[in-house]
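In the numbering used here, the protein residues as written are 36 to 296.
Using N, Cα and C, we set each Cβ at its ideal position, and we do this for glycine too.
Predicted, not measured: the structure shown is a model, and the values here were computed from it.
Presented below is the structure to which this report refers.
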Amino acid sequence: MDNTSGGSWALITGASSGFGVEFAHILARQRMRLVLAARRTGPMEELAEALRTAHHTRVVVEGIDLAAEGAAAELKRRTDAHGLSIDVLINNAGAGVHGRFLDADPQRIRRMLQLNTVTVTELTQLYAGDMVRRGHGRILLVASLLGYMATPEYAAYAASKSYVLSLGEALHEELASSGVTVSVLSPGLSSTAFTEASGHQVSATLKLMTMAPRPVAQAGIDALFKGRAGVVPGLANKLAAFSARLSPRSAQRRIMQALMA
Ligand SMILES: NC(=O)c1ccc[n+]([C@@H]2O[C@H](COP(=O)([O-])OP(=O)(O)OC[C@H]3O[C@@H](n4cnc5c(N)ncnc54)[C@H](OP(=O)(O)O)[C@@H]3O)[C@@H](O)[C@H]2O)c1
Numbered sequence: 036m037d038n039t040s041g042g043s044w045a046l047i048t049g050a051s052s053g054f055g056v057e058f059a060h061i062l063a064r065q066r067m068r069l070v071l072a073a074r075r076t077g078p079m080e081e082l083a084e085a086l087r088t089a090h091h092t093r094v095v096v097e098g099i100d101l102a103a104e105g106a107a108a109e110l111k112r113r114t115d116a117h118g119l120s121i122d123v124l125i126n127n128a129g130a131g132v133h134g135r136f137l138d139a140d141p142q143r144i145r146r147m148l149q150l151n152t153v154t155v156t157e158l159t160q161l162y163a164g165d166m167v168r169r170g171h172g173r174i175l176l177v178a179s180l181l182g183y184m185a186t187p188e189y190a191a192y193a194a195s196k197s198y199v200l201s202l203g204e205a206l207h208e209e210l211a212s213s214g215v216t217v218s219v220l221s222p223g224l225s226s227t228a229f230t231e232a233s234g235h236q237v238s239a240t241l242k243l244m245t246m247a248p249r250p251v252a253q254a255g256i257d258a259l260f261k262g263r264a265g266v267v268p269g270l271a272n273k274l275a276a277f278s279a280r281l282s283p284r285s286a287q288r289r290i291m292q293a294l295m296a
């Protein structure tokens with residue numbers, strides 16, 4: 036299994052559900068070959084079979100816990116062992132922990148931080164290093180609209196996504212002359228398994244602001260291939276990100292507390 040017979044390889048983390056599945060459909064339609072990575076291999080094997088049939092593309096499935104220490108190096112070791120040069124990295128796997136900070140299981144918070152920040156950083160460094168040596172490559176980091184504002188009830192999650200947003204924007208500049216682009220996708224609330232997995236029962240008000248996952252993923256892929264620094268999909272989300280830059284932070288966090296409780 037290698038790159039010799041042509042075609043580019045994309046690695047998508049979190050490809051067993053939600054945005055990851057949408058990224059896989061969009062990239063397979065563009066004739067990209069895919070590595071799908073997440074813990075649950077069942078849904079990824081099904082997706083892989085459907086994509087192979089529909090698009091005659093090659094798809095590799097890697098079952099891996101990306102919240103484990105050393106997971107990024109292990110995934111890189113596996114793609115190297117297959118002889119794959121990854122041209123596109125979609126750093127999408129992530130999780131949230133909703134609720135009062137002091138009530139949260141510390142182990143859940145630690146795993147979330149490892150997954151959302153440490154593994155994302157390590158994967159980016161490992162694959163970007165190869166891409167810079169080859170003189171080309173594209174990386175997408177999935178942050179969140181909550182990365183733009185302090186968010187009570189999602190305090191540690193929002194802080195982890197501020198990290199992703201800052202990392203991605205900084206690397207966009209740092210790697211600008213290397214042929215490697217880094218883009219950040221910052222979705223607002225979207226109808227994936229995310230809120231349920233986070234333990235968040237979404238209010239009726241928030242449900243009105245929810246986007247479908249396909250246009251969110253498409254906005255991310257468009258930003259990736261245009262080499263843009265970032266994108267916030269959806270008009271209401273764009274306005275929220277913009278107003279976060281203008282309104283007092285004390286007002287923002289009170290609004291977020293009321294919305295997220
Ligand atoms: N949906 C939203 O409202 C929203 C808004 C803003 C940002 N986001 C971000 O979007 C990204 C994708 O989330 P989603 O909305 O698509 O939610 P999702 O449907 O819950 O998908 C999350 C994906 O991440 C994977 N994942 C979770 N923990 C993992 C682990 N320890 N190791 C490997 N993979 C793991 C899951 O796979 P397994 O469970 O099989 O491992 C799944 O494929 C996340 O970074 C999330 O923070 C979501």
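With fewer than 16 other Cβ atoms from the protein chains shown falling within 10 Å of its own Cβ, serine 212 counts as exposed.
Taking the Cα positions, alanine 59 is about 26 Å away from alanine 271.
With a cut-off of 8 Å on Cβ pairs, the stretch 108 to 119 is not in contact with the stretch 81 to 92, counting fewer than three such pairs. In the structure shown, alanine 275 adopts helical secondary structure according to DSSP, grouped into three states. Per DSSP, the beta bridge partners of glycine 265 are Val219.
Beta-bridge partners of valine 94 (DSSP): Leu69. Assignment of alanine 190 by DSSP, reduced to helix, strand and coil, places it in the helix class. Every beta strand (DSSP E) of 3 residues or more that sits fully in the stretch 202 to 258 is shown, in chain order, as 215 to 220. When DSSP assignments are scanned along the stretch 149 to 178, the uninterrupted stretches of alpha helix (DSSP H) that are 4 or more residues long and fall wholly within it turn out to be 155 to 169. Residue burial annotation: glutamine 160 is exposed, with fewer than 16 other C-beta atoms found within 10 angstroms of its C-beta. In chain order, Ala178, Ser179, Leu181, Gly182 place their CB closer than 6 Å to the CB of lysine 196, counting only its own chain and leaving out the 5 sequence neighbours on each side. In the pairwise beta carbon analysis, the stretch 140 to 158 is classified as touching the stretch 185 to 196: at least three pairs are separated by under 8 Å. Contact between the stretch 66 to 80 and the stretch 40 to 55 is present: three or more C-beta pairs spanning the two stretches fall below 8 Å.
As DSSP reads the structure, threonine 114 sits in no beta bridge.
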